[in-house]
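J.: Numbering (the working numbering), first residue to last: 1 to 268. For each residue, glycine too, the CB sits at the ideal point set by N, CA and C.
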Amino acid sequence: MDAPMNNTVQAVHDYWNTHTLGFQYVTDSSIEPDSPEFFAHIRPWMNPYKFPWIMERIEREAELLQGKHLLEIGCGMGYDSLEFLKRGVQVTATDLTPNAVKMTIRHFEIEGVEAEAVHTANALALPYDDNTFDAVWANGVLHATGDTERAISEARRVLKPGGRAIISHFYRKPSWMYVLNRLGRENIEYKEEDPPVNEFYTEKEILDMFNGYEVIEAVQDHYRALPVRRDGLKAGLYKYGFRPVYNLVPEPAAKQLAYKYSITAVKV
Ligand SMILES: C[S@@+](CC[C@H](N)C(=O)[O-])C[C@H]1O[C@@H](n2cnc3c(N)ncnc32)[C@H](O)[C@@H]1O
1 MDAPMNNTVQ
11 AVHDYWNTHT
21 LGFQYVTDSS
31 IEPDSPEFFA
41 HIRPWMNPYK
51 FPWIMERIER
61 EAELLQGKHL
71 LEIGCGMGYD
81 SLEFLKRGVQ
91 VTATDLTPNA
101 VKMTIRHFEI
111 EGVEAEAVHT
121 ANALALPYDD
131 NTFDAVWANG
141 VLHATGDTER
151 AISEARRVLK
161 PGGRAIISHF
171 YRKPSWMYVL
181 NRLGRENIEY
191 KEEDPPVNEF
201 YTEKEILDMF
211 NGYEVIEAVQ
221 DHYRALPVRR
231 DGLKAGLYKY
241 GFRPVYNLVP
251 EPAAKQLAYK
261 YSITAVKV
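(1) Could you give the distance in angstroms between the alpha-carbon of ILE54 and the alpha-carbon of ALA165?
(2) MET1: buried (16+ other C-beta within 10 angstroms of its C-beta) or exposed?
(3) What span of residues does the alpha helix (DSSP H) with ALA115 cover, start to end?
(4) What whole-angstrom Cβ distance do LEU70 and VAL91 have, given they're in contact under 8 angstroms?
(5) Taking the alpha-carbon of ASP221 as reference, which of ASP231, ASN211 and TYR261 has the nearest alpha-carbon?
(6) In three-state DSSP terms, what is HIS19?
(7) What is the DSSP secondary structure of TYR238, reduced to helix, strand or coil?
(8) Go ahead and pull the three-state DSSP assignment for ASP95.
(9) Sorted by chain position, which residues of the same chain lie with C-beta nearer than 6 angstroms to LYS255's C-beta, five sequence neighbours on each side aside?
(10) With 16 other CB atoms within 10 Å as the buried threshold, where does THR20 fall?
(11) ASP194 and THR8: beta carbons closer than 9 angstroms?
(12) So what does HIS69 bridge to, in DSSP terms?
(13) Measure the beta-carbon distance from ASP28 to ILE58 and round it to whole angstroms, keeping in mind my assumption that it falls under 8 angstroms.
(14) Tell me whether GLY241 is buried or exposed, calling it buried when 16 or more other Cβ atoms sit within 10 Å of its Cβ.
(15) Hey, would you say the C-beta of ALA165 is under 8 angstroms away from at least one heavy atom of ligand 1?
(16) Ignore the nearest five residues each way along the sequence and tell me which others in ASP174's own chain have a CB closer than 8 angstroms to its CB.
(17) When the Cα atoms are used, what is the spatial distance from LEU85 to LYS50?
(18) Quick one: does the C-beta of LEU82 sit closer than 8 angstroms to a heavy atom of ligand 1?
(19) Which stretch, first to last residue, makes up the beta strand (DSSP E) that contains TYR25?
(20) Thinking C-beta only, is GLU83 closer than 9 angstroms to ALA62?
(21) What's the C-alpha gap between LEU207 and ALA253?
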């Protein structure tokens, strides 16, 4: 089903297949990785729960998508897709890596929800016909593929005319995560090693990639610094220096430094 991978995609695959997002939040190694306790243990650290605005976005989109078909690209352990499934959306959950797909299948089984499909798929060569889905959701994924523009164009291809793409990217200057990562040389995903690709984009760069879409919402989000389960000097500076100060900054000002840029766009 999947197209052959070039070197970058292979490297991205090899990283994420051994670093599925979520394992870095485990603090109790006695918990079995495919048990109900495991998914509950890391849940507070996963997208819709740690970022309330993502849950609000899921609720907003799910209302428009009752009984309709959503494709999630880069589902990780399936937390975002799960929330769509609970709200009556027909979901196809995909990821580049077999291990993420395995975890998502187990997660849905434990939660008692049924997706239309859960399988591997490469965002750069999606295995679907044109005009298949009513919506595409990709949260923190396309900037990690090595060819964001192509991935956005692939999402458009598989959307029906009028279908909605909801896509979040890492945001460049002056986002605090960009400064921490590029100047502070602190890894974002796993303390020991980051993925081979993690692009940060300016607003203009992001908007320019949405060819053939009408952008209906563009917001800078992730404007709070969350707790981290990390130790060491930099983690200490973050926990006891940056984080409490930044989180006191009033929301409108804090948003100016937020590190995600989230687009909702309609295929025209
Ligand atoms: C930062 S994680 C985000 C996972 C999930 N969206 C979440 O927020 O929990 C990035 C995910 O993108 C996936 N990914 C990277 N390149 C991809 C590609 N070319 N096609 C599909 N998924 C890809 C990775 O396997 C990984 O699961």
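T.: Answer, in terms of the structure:
(1) Within the sequence shown, numbered from 1, the residue matching residue 54 stands at position 54. Within the sequence shown, numbered from 1, the residue matching residue 165 stands at position 165. Going from the Cα of ILE54 to the Cα of ALA165 covers about 14 angstroms.
(2) Numbered from its first residue, the sequence shown carries residue 1 at position 1. Interpretation of MET1 is limited by its pLDDT of 47, a score under 50 that renders its predicted location unreliable; the figure taken from the coordinates is listed afterwards. The residue in question, MET1, is exposed, as its Cβ has fewer than 16 Cβ neighbours within 10 Å.
(3) For the purposes of this step, residue 115 is taken as residue 115 along the sequence shown, with counting starting at 1. Segment: none, ALA115 is in no alpha helix (DSSP H) and carries neither H nor E.
(4) Indexing the sequence shown from 1 puts residue 70 at position 70. Indexing the sequence shown from 1 puts residue 91 at position 91. Indeed, because the Cβ distance is near 5 angstroms, the residues count as touching under 8 angstroms.
(5) Working through the sequence shown from its first residue, we reach residue 221 at position 221. When each option's Cα is compared against that of ASP221, the closest is TYR261.
(6) In the sequence shown, residue 19 corresponds to position 19, counting from 1. Three-state result, HIS19: coil.
(7) Position 238 of the sequence shown, counted from the first residue, corresponds to residue 238. Note: TYR238 maps to helix in three-state DSSP.
(8) Position 95 of the sequence shown, counted from the start, is the residue given in the question as residue 95. In this structure, ASP95 counts as strand in the three-state DSSP scheme.
(9) Locating residue 255 in the sequence shown gives position 255, counting from the first residue. Excluding positions up to five away in sequence, the list reads GLN220 and TYR223.
(10) Here residue 20 refers to the residue found at position 20 when the sequence shown is read from its first residue. THR20 is buried by the Cβ-count criterion.
(11) Here residue 194 refers to the residue found at position 194 of the sequence shown. Here residue 8 refers to the residue found at position 8 of the sequence shown. No; because the gap between Cβ atoms is not below 9 angstroms, this pair is not in contact.
(12) Counting from one through the sequence shown, the residue named residue 69 turns up at place 69. Bridge partners of HIS69: GLN90.
(13) Here residue 28 is taken as the residue at index 28 of the sequence shown, counted from 1. Here residue 58 is taken as the residue at index 58 of the sequence shown, counted from 1. That pair is no contact at about 28 angstroms.
(14) Here residue 241 corresponds to residue number 241 of the sequence shown, with the count starting at 1. GLY241 comes out exposed.
(15) Residue 165 sits at position 165 when you count from the first residue of the sequence shown. No, the Cβ of ALA165 stays beyond 8 angstroms of every heavy atom of ligand 1.
(16) Here residue 174 corresponds to residue number 174 of the sequence shown, with the count starting at 1. According to the sequence as given, residue 174 is Pro; it is not Asp. If we look at PRO174 and ignore the five residues flanking it on each side, its Cβ neighbours are GLN256 and LEU257.
(17) For this step, residue 85 is matched to residue 85 along the sequence shown. For this step, residue 50 is matched to residue 50 along the sequence shown. So the two alpha carbons sit approximately 19 angstroms from each other.
(18) For this step, residue 82 is matched to residue 82 along the sequence shown. No, the Cβ of LEU82 stays beyond 8 angstroms of every heavy atom of ligand 1.
(19) Position 25 of the sequence shown, counted from the first residue, corresponds to residue 25. Where TYR25 is concerned, there is no enclosing beta strand (DSSP E), given that its DSSP letter is neither H nor E.
(20) Against the sequence shown, residue 62 aligns to sequence position 62. Against the sequence shown, residue 83 aligns to sequence position 83. Yes, the Cβ-Cβ distance between ALA62 and GLU83 is below 9 angstroms.
(21) The residue given as residue 207 occupies position 207 in the sequence shown. The residue given as residue 253 occupies position 253 in the sequence shown. Using only the alpha carbons, I get a separation of about 22 angstroms.
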